[in-house]
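Taken in order, these protein sequences are the chains called X and P.
Counted the way the working numbering counts, the first sequence spans residues 786 to 1196.
Counted the way the working numbering counts, the second sequence spans residues 262 to 459.
Built from N, CA and C at the ideal position, the CB exists for glycine as well.
Keep in mind the model is a prediction, meaning the values are calculated, not measured.
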Amino acid sequence: MACAQVPLDEQQVTERCSLGKERTLSALHPERKEERIFMPYKPPPEECTPAEVEEFLEHARFITDDLEWLLGLPHDKFWCQVVFDESLQRCLDSYLQHAPRGLDLTALPSSPAVADMQRSVHRLVFLAFLRMATHKESKENFITPAVFGEIIYNNFLFDIPKILDLCVLFGKGNSQLLHKMIALCKFCTNVLLENIFTQQPSYYNDLDETVPTVLQVFDTVLEKCGLRCEGATAMQPMKLNGHKQPTAMTMNQQDLVDIILYLCDSTTTIHAFLDIFPAACSSFHSHSFISRLTSFYETAVPDLELSVRKRNFDDKSLQEDLWQRLSHSCRKMVETVHLLLHHTCLQPILEGSENMQTFADELLQHFTYFLPEKRPASFSDETRTSYLLQGVESAWDSVGRRKPQSQLQPN
Amino acid sequence: MSPPRLTGALRSFSNVSKKEDVTEQLYDLKTKRLKRQELFAREGLTWQKIVHFCTEHQGKAKHQAVSQELKSLLLAAKQIVGSEHGQEIIESAAVFLFETFHNKDHVGTEETRAIKQMFGPFPSSAAEASCACVARILAPLEDSRVEDFIQNQSSRHNPQRGSMFGRNIAFSYESYTIDPLEDLPWSGIQEGNTSLDF
């Protein structure tokens, strides 16, 4: 057992090795890891035949047994396992990658046993990540914050794709419920993220590196729909006799389904992340995310909308589903712009920040940009508009009050 | 196969996550079961302790009968793990069966599941036989004495671990679902004039 009141990263432990000799090791040492073999996660079967159900249950039971074992380990043993057991890291990452989202096309498992097991895995994976994001479990069990930051970053326990997955998988329920509990309890998704980002600022750099790839995803959608994006036009001259790109109307149906699913997932994930962790808004903002998203909306949505409406679908329920997903994606894009405007322009104005004039100018600049874009002009519904106007008025009032004061004070 | 996802693209095209090592060993259920058996064998209760417990608490006259039942239990264990395994693995499997059936009078769903989880597919007759053997071995002994023995010896029933992290956390299973625009009924799209503007 490790000593109390000393951070785990500074502790030494004396253990008896297999030959019976005593040896002293640092508490965080690869040799203290248990050989366990965590199985990678496989999602529930689509068909739910008895054999598939049995296979899923058996596989998932290994995962739940192992995660319960992991969560029951003392603090020092838990961290040895987390840092040095590759199979554990693969197991958790495979869950984030393959776990069904509420938005996926496949319905919930028809077998109650599968659904129950999936819920158990879901909860245990969240708890494992929560424990990994907690540098201080109790007075006795803690890690030096700076070392904790290095551990989670250098060992890829958390990275930007994982963080986004965590938000979209767990953020909805736990964010809402735990926002209310924040004063009493620090266990919630946004605090989880705050812990991670606060203890390791390198995640902000990674986020900054990731935003261009996120933008590239939107460009890819445009390209797949045969719509040239601004960046692509600038980089590549268009061939005069080049092959005609398929459009949303002419591409095969599966490609259209994939594009709408991709858009639906991307917009939901980005929105979930920014909603739970507004501090990330500035990284997105610095890459002109608002104008890029607005432009994407104006360019891609009409074509996608038309193709879902006009194409001949054998399966009408699929057509309806795609329409709802497209509609959902539009909502998420609008809400993302709201979030970005709110946290990067409006909030500083309402808080009376020093550069209020700059923020007000920027807000107006965004609105000016929205005006010629027919569809995103409706990014501000009536309630939002009055809210935004209120903010701008309050900013002007505030500036108006200051002007005479500044005139009274000569340099 | 998972549908196309933003985070999949980020994993593939950005440099902020660990690149998967394709040469890394991927474990299958067989390897996992073997590891599990190995871990179980290291836990507190051993075959020798069971033999000692079962014989010391019964009169000498019954020793031979008990020994015969213990042999039968080993045989059933051998049928479950497969005859290619050595004595050590077979004894460990017999310990597992003894623990599983010590307070059971038949092979129920839970027991079947536990055995399959540990050893993979097995002949049901071997499970029936081991359940009956354990019942006959323990019949003359007091239930409380057997229970004490199992509790004291087995780390499976007496884990020397702290309580599980997060057991008191109110976890929500709610997830994001499709949230289309409310004023846009599906029937509207057939008319040709509807758009997603709002």
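- Query: Can you give the Cα-Cα distance for lysine 1095/X and leucine 1089/X, rounded to whole angstroms?
  - Reply: As a working mapping, residue 1095/X is identified with position 310 in the first sequence. As a working mapping, residue 1089/X is identified with position 304 in the first sequence. One C-alpha to the other measures close to 10 Å.
- Query: In the DSSP assignment, what residue or residues form a beta bridge with glutamate 800/X?
  - Reply: What you label residue 800/X is simply residue 15 of the first sequence in a count that begins at 1. Glutamate 800/X pairs with Arg808/X.
- When the cut-off is 8 Å and only beta carbons count, does glutamate 1008/X lie next to chain P? Reading the first sequence from its first residue, position 223 is the one you call residue 1008/X. False, the Cβ-Cβ gap to chain P never drops below 8 Å.
- Take the Cβ of glutamate 317/P as the centre, count every other Cβ of all protein chains shown within 10 Å, and call the residue buried at 16 or more, exposed below. Working through the second sequence from its first residue, we reach residue 317/P at position 56. By the 10 Å Cβ count, glutamate 317/P comes out exposed.
- Message: Beta-carbon within less than 7 Å of threonine 1032/X's beta-carbon, same chain only, minus the 5 sequence neighbours each way: which residues are those?
- Response: As a first step, residue 1032/X must be located in the first sequence, where it is residue number 247. Cys1010, Gly1011 and Asp1088.
- Going by DSSP, which residues form a beta bridge with lysine 293/P? Translated into positions along the second sequence, residue 293/P becomes position 32. Partner(s): none; lysine 293/P has no beta bridge.
- Hey, does threonine 929/X have any beta-carbon neighbour from chain P nearer than 8 Å? For the purposes of this step, residue 929/X is taken as the residue at position 144 of the first sequence. Chain P, which has no Cβ nearer than 8 Å to the Cβ of threonine 929/X, makes this no.
- Helix, strand or coil for lysine 339/P per DSSP? The residue labelled residue 339/P in the question sits at position 78 within the second sequence. In the structure shown, lysine 339/P sits in a helix (DSSP, three-state: H, G or I).
- Item | Contact check, asparagine 276/P vs glutamate 994/X, beta carbons under 8 Å | Position 15 of the second sequence, counted from the start, is the residue given in the question as residue 276/P. Position 209 of the first sequence, counted from the start, is the residue given in the question as residue 994/X. In contact: asparagine 276/P and glutamate 994/X (Cβ atoms closer than 8 Å).
- Task: Check each candidate in Leu881/X, Leu1103/X, Thr1121/X and Trp864/X and name the one with the smallest Cα separation from aspartate 794/X.
- Result: Within the first sequence, the letter at position 9 stands for residue 794/X. When only C-alpha atoms are compared, the closest one is Trp864/X.
- When you compare only the Cα positions, how much space is there between arginine 1110/X and phenylalanine 1074/X? Counting from 1 along the first sequence, the entry for residue 1110/X is found at position 325. Counting from 1 along the first sequence, the entry for residue 1074/X is found at position 289. When rounded, the distance between both Cα atoms is 22 Å.
- Message: So leucine 977/X and alanine 918/X are supposed to be a Cβ contact under 8 Å. How far apart are they, rounded?
- Response: Stepping through the first sequence from its first residue, residue 977/X is reached at position 192. Stepping through the first sequence from its first residue, residue 918/X is reached at position 133. About 4 Å; that satisfies the 8 Å criterion.
- Task: List the DSSP bridge partners of phenylalanine 869/X.
- Result: One-based indexing of the first sequence puts residue 869/X at position 84. DSSP output for phenylalanine 869/X lists no bridge partner at all.
- With C-beta atoms as the reference, is phenylalanine 911/X less than 8 Å away from histidine 920/X? Locating residue 911/X in the first sequence gives position 126, counting from the first residue. Locating residue 920/X in the first sequence gives position 135, counting from the first residue. Cβ distance not < 8 Å, so phenylalanine 911/X and histidine 920/X don't count as in contact.
- Task: Scan the region 936-954 of chain X for residues whose Cβ lies nearer than 8 Å to a Cβ of chain P and list them as they occur along the chain.
- Result: Phe941, Asp944, Ile945, Pro946, Lys947, Leu949, Asp950, Val953 and Leu954
- Message: What does DSSP give as the partner residue(s) for phenylalanine 927/X in the beta ladder?
- Response: Reading the first sequence from its first residue, position 142 is the one you call residue 927/X. According to DSSP, which records beta bridges pairwise, phenylalanine 927/X is partnered with Lys921/X.
- Item | Selected residue, minimal CA-CA separation from isoleucine 311/P, among Leu358/P, Glu435/P, Ser386/P and Glu372/P | Taking the second sequence and counting its residues from 1, the one referred to as residue 311/P is at position 50. Minimum Cα distance to isoleucine 311/P is reached at Leu358/P.
- Query: Looking only at its own chain, which residues have a Cβ that is under 7 Å from the Cβ of phenylalanine 383/P, when we skip the five neighbours before and after it?
  - Reply: Against the second sequence, residue 383/P aligns to sequence position 122. Cβ within range, chain order: Ile341, Ile376 and Lys377.
- Item | aspartate 1043/X at chain B interface by Cβ criterion, 8 Å | Protein chains in the displayed structure are X and P, and chain B is not among them.
- Item | is_contact[isoleucine 822/X, chain P] using C-beta, thresh 8 Å | Sequence index remark: in the first sequence, residue 822/X carries index 37 (1-based). Chain P, which has a Cβ nearer than 8 Å to the Cβ of isoleucine 822/X, makes this yes.
- Item | Residue of Ala836/X, Val1122/X, Phe1152/X and His814/X minimising C-alpha distance to alanine 1057/X | Position 272 of the first sequence, counted from the start, is the residue given in the question as residue 1057/X. Measuring from the Cα of alanine 1057/X, the nearest candidate turns out to be Val1122/X.
- Do the region 1101-1108 of chain X and the region 1142-1154 of chain X touch if we need at least three Cβ pairs shorter than 8 Å? no
- Message: To be precise: take each residue of the region 1099-1119 of chain X, compare its Cβ to all Cβ atoms of chain P, and keep it if any distance is under 7 Å. Which residues remain?
- Response: Glu1105, Trp1108, Gln1109, Arg1110, Leu1111, Ser1112, His1113, Cys1115 and Arg1116
- Item | Own chain partners of glutamate 816/X with C-beta closer than 8 Å, once the 5 adjacent residues on each side are dropped | Your numbering for residue 816/X matches position 31 in the first sequence. The residues are Leu810.
- Message: Determine, for serine 344/P, whether the minimum Cβ-Cβ distance to residues of chain X falls below 8 Å.
- Response: The count along the second sequence starts at 1 and reaches residue 344/P at position 83. Chain X, which has no Cβ nearer than 8 Å to the Cβ of serine 344/P, makes this no.
- Determine, using beta carbons only, whether proline 264/P comes closer than 8 Å to chain X. Locating residue 264/P in the second sequence gives position 3, where the first residue counts as 1. Judged by the 8 Å Cβ criterion, proline 264/P is in contact with chain X.
- Query: From Glu843/X, Gln903/X, Thr799/X and Pro946/X, pick the residue whose C-alpha is nearest to that of lysine 279/P; which is it?
  - Reply: In the second sequence, residue 279/P corresponds to position 18, counting from 1. Nearest option by C-alpha distance: Pro946/X.
- Query: Are three or more beta carbon pairs between the region 1127-1139 of chain X and the region 1062-1081 of chain X nearer than 8 Å?
  - Reply: yes
- Quick one: give me the first and last residue of the alpha helix (DSSP H) that glutamate 372/P is part of. One-based indexing of the second sequence puts residue 372/P at position 111. Residues 370-380.
- Distance, Cα to Cα, valine 867/X vs glutamine 874/X? The sequence position of residue 867/X within the first sequence is 82, counting from 1. The sequence position of residue 874/X within the first sequence is 89, counting from 1. One C-alpha to the other measures close to 7 Å.
- Can you tell me whether DSSP reads methionine 966/X as helix, strand or coil? Walking along the first sequence from the start, residue 966/X turns up at place 181. Any reading at methionine 966/X must be qualified, since the residue scores a pLDDT of 33, below 50, and its modelled position is unreliable; the value itself is stated next. Methionine 966/X falls in the helix class under three-state DSSP.
- Message: So, under 8 Å CB-CB, valine 435/P and lysine 957/X are touching, yes? Tell me the CB distance rounded to an integer number of Å.
- Response: Locating residue 435/P in the second sequence gives position 174, where the first residue counts as 1. Locating residue 957/X in the first sequence gives position 172, where the first residue counts as 1. Here residue 435/P turns out to be glutamate, not valine, going by the sequence shown. Contact holds; Cβ gap of about 5 Å.
- Message: Does chain P have any CB closer than 8 Å to the CB of serine 1076/X?
- Response: For this step, residue 1076/X is matched to residue 291 along the first sequence. No, serine 1076/X does not count as interfacial toward chain P.
- Looking at the unbroken alpha helix (DSSP H) that takes in arginine 1077/X, where does it start and where does it end? In the first sequence, residue 1077/X corresponds to position 292, counting from 1. That run of the alpha helix (DSSP H) goes 1074-1095.
- Inspect the CB distances between the region 264-272 of chain P and the region 1037-1050 of chain X and report whether three or more fall short of 8 Å. yes
- Task: With lysine 310/P as the anchor, note down where its alpha helix (DSSP H) starts and where it stops.
- Result: If you number the second sequence from 1, residue 310/P lands on position 49. From DSSP, the alpha helix (DSSP H) with lysine 310/P extends over 308-317.
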